[in-house]
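**Q** I'd like to ask you about the structure that follows.
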Amino acid sequence: MDLERDITGEIARFAETISYDALPSRVIDETRRLILDSTGCAIGGVTTEKGRIGIRFGESLSERGDTTILGHAKKVHPFSSAFANGELMNALDYESLLAPPEHLTPYVMPACLASAEMNAVSGKALILSIAIAHEITTRLSESLVFGNRFSVELPEKGVALALPTPGYGICLFGGIAGAGRLMDFTAGEIANAMGIGGFSCPTPMLAKFAMTVPVSMTKYLSSGLISQVEMTSLLLTKLGHTGDRGVLNGKYGFFRSFGCETWMPEKVIEGLGKEWRFPDRIFYKTYPCCGAMQNVLGLFHQVITTNDLTPEHINEVIVVINPLGELPAWKNADVSSHVDIQFNTAFLFSLLAHRVEIGPLWQSEEVLGSRRIGEFAEKVKILTHLDKESEGKPDVTVGVSGGGDQKIYSERGLSMATEMSEERLIDKFKRNVQGITGESKANEAIDVILGLEEQEDISMLMKLLVP
171 MDLERDITGE IARFAETISY DALPSRVIDE TRRLILDSTG CAIGGVTTEK
221 GRIGIRFGES LSERGDTTIL GHAKKVHPFS SAFANGELMN ALDYESLLAP
271 PEHLTPYVMP ACLASAEMNA VSGKALILSI AIAHEITTRL SESLVFGNRF
321 SVELPEKGVA LALPTPGYGI CLFGGIAGAG RLMDFTAGEI ANAMGIGGFS
371 CPTPMLAKFA MTVPVSMTKY LSSGLISQVE MTSLLLTKLG HTGDRGVLNG
421 KYGFFRSFGC ETWMPEKVIE GLGKEWRFPD RIFYKTYPCC GAMQNVLGLF
471 HQVITTNDLT PEHINEVIVV INPLGELPAW KNADVSSHVD IQFNTAFLFS
521 LLAHRVEIGP LWQSEEVLGS RRIGEFAEKV KILTHLDKES EGKPDVTVGV
571 SGGGDQKIYS ERGLSMATEM SEERLIDKFK RNVQGITGES KANEAIDVIL
621 GLEEQEDISM LMKLLVP
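This is the structure:
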């Protein structure tokens, strides 16, 4: 391991020199899918309290501008749209996951969108920038070595649970590189902006988030704030502000300040530009909630639809989820905000049982105040793989009473919810934007995104993503 190698410079040169024509078709396809999924999630997010606050704050930063807040009619400064769109993309917790670090897209795509719109770039340029941002972030995330430093202890289970990343500040380097490419920055300018961003990175707080009740709107880290740091770093660089162009390098590089024991820079640069890692690691969510519940929700959905079960039929549900369910953020029984819903397994199962349309409605005020949703949630028993009682149990067990007899339905393994075809992704987009952009705009936006490489100016797309 060569800690003195100029990793910052090599990343920056990759961001400056890689061409659209060098992108494999699977990278182009997956990036378009990410844009379709993420913009839809952001537009759906305007219905949430977190999303509305993000929009109001973005508007308060500037009265004039030429970039778009998704799902909102008023144009604002790029600094403002990056913040608002970052908050919106994560507002429903419906965006894709990409491991490592898990949540990635809301921390890098908003700055790329703002930079693309302010510079009136082509669809190819936008695809390239978002691919750059995701690839760099994935590689940097898997290079970190943080051991047990950020594990959370579960004394009653006798284990310490490792989390996927110390924090999401690591994403800002990818966001800066992708958005910087759209500003025609040289490698030196991209490295300079990375230096400014690295010295502005928030403290890693993922473990504190996981151990705190109630969950706040900030969750693991405000994606709006990171998007804003990215734009600030780029715009300051444009004005001549200097940053540490070797921010990632050396014994005292970024990894150390990020709380890591060391890092493996070779993970970042091996095959960079030739081997693309991020497309194979994307998981698209079927349900607007934490990723830990996606599979079991899918299994429960299969049981109730196949057997035509209603809430009145069901007297008990037993669910076995991954060990994240042992942490306080996932065990909070008090559902008083739309963010609480995202982490409450029992409440989410109740929404499915009551056939609430999957999408933004799952986090609506109507759902929050529903007595029947809350009452059914009490029938749901949550176990994790750390519980002895879970040994040998199916992932989902549903007990049904009728005619004096009890019938048991169960499912285990991977559900259909883990697969996201283009047809299902389009349907998800339509549910997210319904009532906001209008059906005609939604259909046109889908066509434009899936053929984005044909667009000479992405401004046309942005006009379709607002009311």
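Residue numbering for the sequence shown follows the numbering used here, beginning at 171 and increasing consecutively. By construction, the Cβ of each residue, glycine as well, lies at the ideal position given by its N, Cα and C atoms.
Going by the beta-carbon positions, is the gap between His483 and Val570 smaller than 7 Å?
**A** Result yes, Cβ atoms of His483 and Val570 sit closer than 7 Å.
**Q** Below 7 Å between beta carbons: does that hold for Ala523 and Pro481?
**A** Going by C-beta atoms, Ala523 is nearer than 7 Å to Pro481.
**Q** Which of the three DSSP states is assigned to Ser580 in this structure?
**A** Strand.
**Q** Please state whether the Cβ-Cβ distance between Asn163 and Asp176 is less than 7 Å.
**A** Absent from the structure is residue 163, since the part of the chain shown begins at 171 and ends at 637.
**Q** Run through DSSP, which three-state label would Ile239 get?
**A** Coil, per DSSP.
**Q** Taking DSSP's pairing of strands, which residues face Phe355 in a bridge?
**A** Phe355 pairs with nothing; no bridge assigned.
**Q** Can you tell me the Cα-Cα spacing of Lys501 and Glu174, whole angstroms?
**A** The straight-line gap from Cα to Cα measures roughly 44 Å.
**Q** Within the same chain, show all residues whose beta-carbon is closer than 6 Å to that of Ala286, passing over the 5 residues directly before and after it, in chain order.
**A** Correct list, in chain order: Leu296, Leu352 and Ile628.
**Q** What are the boundary residues of the alpha helix (DSSP H) that Asn602 is part of?
**A** Note, Asn602: alpha helix (DSSP H), Glu592 to Val603.
**Q** Report the rounded CA-to-CA distance for Met288 versus Phe428, giving the unit in angstroms.
**A** Rounded to the nearest angstrom, the two C-alpha atoms are 32 Å apart.
**Q** Measuring only the C-alpha atoms, how far is Phe725 from Lys421?
**A** Since the first and last residues shown for the chain are 171 and 637, residue 725 lies out of range.
**Q** Unbroken alpha helix (DSSP H) runs of length 4 or more, entirely within the region 183 to 217: which are they?
**A** Those alpha helix (DSSP H) runs which fall completely within the region 183 to 217 and span 4+ residues are 195 to 214.
**Q** Going by DSSP in three states, Glu503 sits in which element: helix, strand or coil?
**A** Checking the displayed sequence, the identity of residue 503 turns out to be Ala instead of Glu. If DSSP states are grouped into helix, strand and coil, Ala503 belongs with coil.
**Q** Got a sec? Which residues, its chain only, sit under 6 Å from Glu359 by beta carbon, not counting five neighbours each side?
**A** Same-chain partners within the cutoff: Thr407.
**Q** Under the three-state reduction of DSSP, which class applies to Asn514: helix, strand or coil?
**A** Of the three classes helix, strand and coil, the one that applies to Asn514 here is coil, per DSSP.
**Q** On the three-state DSSP scale, how would you describe Leu283?
**A** It is helical.
**Q** Going along the chain, which unbroken runs of the alpha helix (DSSP H) with 4 or more residues stay wholly within the region 430 to 485?
**A** Entirely contained in the region 430 to 485, the alpha helix (DSSP H) runs reaching 4 residues are, in chain order, 436 to 439 and 464 to 476.
**Q** For Val291, which three-state DSSP category applies?
**A** It is coil, neither helix nor strand.
**Q** Report all residues from its chain with a CB closer than 6 Å to the CB of Ser560; omit the five preceding and five following residues, and keep chain order.
**A** Within the same chain, Ser560 has close Cβ partners Val490 and Leu553.
**Q** Who does Thr554 pair with in a DSSP beta bridge?
**A** Paired residue(s): Ile491.
**Q** Going by the beta-carbon positions, is the gap between Ser591 and Ile452 smaller than 7 Å?
**A** Not a contact, by the Cβ cut-off of 7 Å.
**Q** May I ask you to report which of helix, strand or coil DSSP gives Lys563?
**A** Coil, per DSSP.
**Q** Rounding to the nearest angstrom, what Cα-Cα distance links Phe369 and Leu395 in this structure?
**A** Approximately 14 Å between the Cα atoms of the pair.
**Q** Do you know offhand how far Leu467's Cα is from Gly461's?
**A** If you take the alpha carbons of Leu467 and Gly461, they lie about 10 Å apart.
**Q** Under the three-state reduction of DSSP, which class applies to Ala269: helix, strand or coil?
**A** Three-state DSSP puts Ala269 in coil, outside helix and strand.
**Q** Applying the 10 Å Cβ sphere with the 16-neighbour rule, what's the burial state of Leu409?
**A** Its Cβ having fewer than 16 others within 10 Å, Leu409 is exposed.
**Q** Under 6 Å Cβ to Cβ from Gly344, same chain only, skipping five residues before and after it: list those, please.
**A** For Gly344, where only same-chain residues beyond five positions count, the Cβ hits under 6 Å are Val278, Ala303, Ile306 and Thr307.
**Q** What are the boundary residues of the alpha helix (DSSP H) that Leu331 is part of?
**A** Premise fails: Leu331 lies in the beta strand (DSSP E), Val329 to Leu331, not in any alpha helix (DSSP H).
**Q** Can you name the residues that DSSP bridges to Gly317?
**A** Bridge partners of Gly317: none, in fact.
**Q** Whose C-alpha, out of Cys211, Asn465 and Arg447, is nearest the C-alpha of Ile198?
**A** Nearest C-alpha to Ile198: Arg447.
**Q** Answer yes or no: do Glu400 and Leu342 have a C-beta to C-beta separation smaller than 7 Å?
**A** It is a contact, given that the beta carbons lie within the stated cut-off.
**Q** Alpha carbon to alpha carbon, how far is Ile205 from Tyr390? Give it in angstroms, no decimals.
**A** Between Tyr390 and Ile205, the C-alpha separation is close to 22 Å.
**Q** Are Pro276 and Glu312 touching if we call contact CB-CB under 7 Å?
**A** Result no, Cβ atoms of Pro276 and Glu312 do not sit closer than 7 Å.
**Q** Would you grab the beta carbon distance between Leu472 and Met630 for me? Rounded to a whole angstrom, and I think it's under 8 Å.
**A** Contrary to the premise, residue 472 reads as Gln rather than Leu in this sequence. Their Cβ separation, rounded to whole angstroms, is 40 Å, which puts Gln472 and Met630 out of contact at 8 Å.
**Q** Cβ of Pro435 within 7 Å of Cβ of Tyr264?
**A** Contact flag unset, no.
**Q** Quick one: grab the DSSP three-state call for Leu324.
**A** The answer is strand: DSSP assigns Leu324 an E or B state.
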